[in-house]
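Remarks on the structure that follows.
Numbering (the working numbering), first residue to last: 25 to 1041.
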């Protein structure tokens, strides 16, 4: 060998060995010196460098020196040394194996001639593994049923097997073979060993010709993803040959199977191959080792448990009679893919996984170090993939690969698993399998534990190419992969959509036009042909989007059918999907978060109002995922966001002063942004309402807060515009007083915003100019909120102001004071009970509140004459304001026991007693009733009757708007679909139940009104 190490270089050798990665450089130096003395030559620099590049240089050196010594004894040492000197590839492969596997080093020491399988230009032995292993045991590979004839076939089988294993390890450890290819070759090698074991068994069982025996590979062997050392799981199926009696044939087959298992697992001076485990057979270890095909079929059709079908995903004929093995697969495969239709199938698989984890934690303290069964281990990936296969593979045959990585790729391609999740799982699975291979290669022992020893961890890290800090880098990388696997496993394995898909009949689990039409008709769609067109538009083509839709729609069709209007739901879903179809998160969200998909189906099939909002802002679908996201946002948070939008978008400095058109643009832009915010928040409240997450009071407060924020932002934008046009600051302070339901914090989805405008000129300002400016601001505010836009209109109604439509739109604070002091009528005091100065200058709002409090809460209350006037006005409203031809009892607002009845009771109590009872000084109806009960002005039972009636009427009114998208104060009775939809949204079993419940509440409330409001006995 060239440039060998000699004694004159000794002073630098120990240091060089340490730098190369030897942990015991002194020992390595001693071994090299002894080898040089024994053989007369040392190791070349190239060979030392190659040893230093291995996972464990000390281990590699030991193995190499032993191999060289034994090779010299066998007369092959010269060829080996020449190859190591002249063939870099041979040098790399041999040292890589020796640096990882002490067991293969032992094998080379016993069989030094086997180093040849690692030579350059040889990708391993040329013959297929089956042929080579059969030949090794003295059997004819071309025979239909090879029979072993070698004098010691068990020994020959093990030697030939390890020779193939050595060749594979050489390619594996230098990175030529991918981990998936290695696992597949190991499975093929195991299959060849089983075939050779069967040849040995035939030599032991003369009556083997009476039967046919097929060996079905299960587990990792069946899936072609075997480890270096693993039990090989099998199932045996047999049949009698010709006219042979079946019982005798089965006995022969059982002897044959047992002998084959011993041939592989028996201990010899060359060790054992591995255990052959037949425990996955029907009835497990309690059942017969060998069964006929008919017996297998009967068992799986009647008795098999969920886990047995999961195991059969990997079934593959690996040895024995190929025809019988193929018939076994043809028989069993259809049964496997129907398994997911079983009751609680998904829950059973999930429960089994939890049980395995719990059992592991109880049995060992090393569960965190488990590559296979521990959290984030290989089994997490495999169970996730297998469950998805069993559920979705019934209808999608592309998902039926028994190999985990292939199946994962197919699941990703089909849209069943997100691409990012699939990539993370695949990367982690490859890493974990690589680590598992390296751990097992060291001693060729069956283990799935990450070692705890520092030296073993160092060898692992270096084998994976981690050289700076092998232990630390490996540990961090392993933990990161395990965390990611566990996270995605929890998401996929416990995905609720799986349960929903599993419950579908097999023919409906994957949409074809025929299956879709049948399902639509069965589910009660009003227009199956139209619905089918929507489905075809969503699912046609080969895009990933269409693939995911084909997974989602079979389930969602049922959810749409559970909603009041499935046709509208499907149409809305198509429209939202068209708007968001190219958005990467949309379909992923629906697939991975089943609550979003199910809620979306209910909302789209129940509410035209919410559907219209969603179509105008489809990205709002993201908030359907959690109750927290659907909780109405605090008014102050909305206010901050809206006013920030006005500042951000209303850039009035860019417009030339005095130019009206230029000043209008930023005001309109700011208003559009704020109205977009309102649209989003209305959708949030509407969905929460439809899902029963909020009560009547919460809805009213939320809608009021949204309106107040919208008006305030529009007021800011309007003031900025008017100031720019006039080239001077606004000469007056302004405030907006919320009135009616707006002021009562009881707005509905279709309510106008009743308001009054008040201003107060600044000191020294011209009152006429101030009035004109305030009027311009009010008009601009109304214009901005009335501009055509995709959000529902917010009409600003100022008609509750003094003198109504005949009076000025905006008054000064002094004008209001003069009016209320001189001209105010009792009904106007009553209207002020709902006045809440919510918006504008804070000081002006406080002064306005101080002005109206004595009017609406007069000292000693209103007199008897005022009470009579209010009662007469109420009676006249009941007779005059109801639309003609309307049945009074069905009018939610003005009918007997309706909203107005309850509100007038509360307001009369306020007008008479609020001055003395502070709790009555509120604009909210229900709060006023509660305060009246507290002050013993109203019986608690009567208050409960009024409150229940008011809440039910408010809910009905809101539901009508949600369902129709248009406001109405009439209980729906004519239009069947709308009546049914309102009934379903409110949670009643039938429309008759809703009508009866409302009439009962209204009747009771009217009785209280007659006594409390009208003073009837």
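All C-beta atoms, glycine included, are put in the ideal place defined by N, C-alpha and C.
- The beta carbon of residue 642 is closer than 6 angstroms to those of 600, 603, 604 in its chain, skipping five residues each way along the sequence.
- Using a C-beta cut-off of 8 angstroms, the region 928-935 makes no contact with the region 1006-1018, since fewer than three inter-stretch Cβ pairs fall below that distance.
- Counting along the chain, residue 192 sits inside the alpha helix (DSSP H) bounded by residues 177-197.
- Linking residue 955 to residue 577 through their CA atoms gives a straight-line distance of about 52 angstroms.
- Residue burial is scored here from C-beta neighbours: residue 309 has fewer than 16 other C-beta atoms within 10 angstroms and is therefore classed as exposed.
- Pairwise C-beta distances place the region 467-475 out of contact with the region 50-66, as fewer than three of them are shorter than 8 angstroms.
- Secondary structure within the region 960-1010: the alpha helix (DSSP H) runs of 4 or more consecutive residues, fully enclosed, are 964-988, 1000-1009 (chain order).
- Excluding five sequence positions before and after residue 299, the CB atoms of its chain that fall closer than 7 angstroms to its own CB belong to 255, 289, given in chain order.
- DSSP places residue 278 inside the alpha helix (DSSP H), whose first and last residues are 270-289.
- Contact check between the region 956-965 and the region 694-713: fewer than three CB pairs, one atom from each, fall below 8 angstroms, which does not count as touching.
- Exposed is the label assigned to residue 1038, since fewer than 16 other Cβ atoms lie within 10 Å of its Cβ.
- DSSP, read as helix, strand or coil, puts residue 263 in strand.
- A residue is called buried when at least 16 other Cβ atoms come within 10 angstroms of its Cβ; residue 580 meets this threshold and is buried.
- Here the C-alpha atom of residue 334 lies approximately 26 angstroms from the C-alpha atom of residue 573.
- Using a 10 angstroms sphere on the CB of residue 244, the tally of other CB atoms reaches 16 or more, which defines it as buried.
- Per DSSP, residue 835 is one residue of the beta strand (DSSP E) stretching across 834-836.
- Within a 10 Å sphere around the beta-carbon of residue 910 sit fewer than 16 other beta-carbons, which makes this residue exposed.
- If you look at residue 766, you'll find it in the alpha helix (DSSP H) that goes 764-767.
- Within the region 207-260, the beta strand (DSSP E) runs of at least 3 residues that lie entirely inside it are, in chain order, 235-241.
- In the assembly as shown, residue 787 is an exposed residue. Its beta-carbon has fewer than 16 other beta-carbons within 10 Å.
- CA-to-CA, the gap between residue 758 and residue 661 works out to about 23 angstroms.
- Residue 284 places its beta carbon less than 8 angstroms from that of residue 221.
- Judged by DSSP secondary structure, residue 937 falls within the alpha helix (DSSP H) whose first and last residues are 923-937.
- Residues of the same chain with a CB within less than 8 angstroms of the CB of residue 811, apart from the 5 flanking positions on each side, are 692, 695, 696 in chain order.
- The region 717-728 makes no contact with the region 830-839, as fewer than three CB pairs between them are under 8 angstroms.
- Annotated three-state conformation of residue 799 is helix, per DSSP.
- Of all alpha-carbon atoms in 975, 967, 950, 914, the one lying nearest the alpha-carbon of residue 997 is that of 914.
- Ranked by Cα distance from residue 76, the options 91, 44, 421 are led by 44.
- Using a Cβ-Cβ distance cut-off of 8 angstroms, the region 896-908 and the region 872-882 are not in contact, since fewer than three pairs of beta carbons, one from each stretch, lie closer than that value.
- Residue 503 counts as exposed, since fewer than 16 other beta carbons sit within 10 angstroms of its beta carbon.
- For residue 311, DSSP assigns no beta-bridge partner whatsoever.
- Comparing alpha-carbon positions, the option among 753, 756, 777, 752 lying closest to residue 764 turns out to be 777.
- In summary, residue 546 is exposed, with fewer than 16 beta-carbon neighbours lying within 10 Å of its beta-carbon over all protein chains present.
- Its chain contains 225, 229, 232, 237 as the residues whose beta carbon lies nearer than 6 angstroms to that of residue 280, once the 5 sequence neighbours on both sides are disregarded; these appear in chain order.
- Assigned with DSSP and collapsed to three states, residue 74 falls in helix.
- Looking at the DSSP output, residue 761 sits in a beta bridge with 780, 861.
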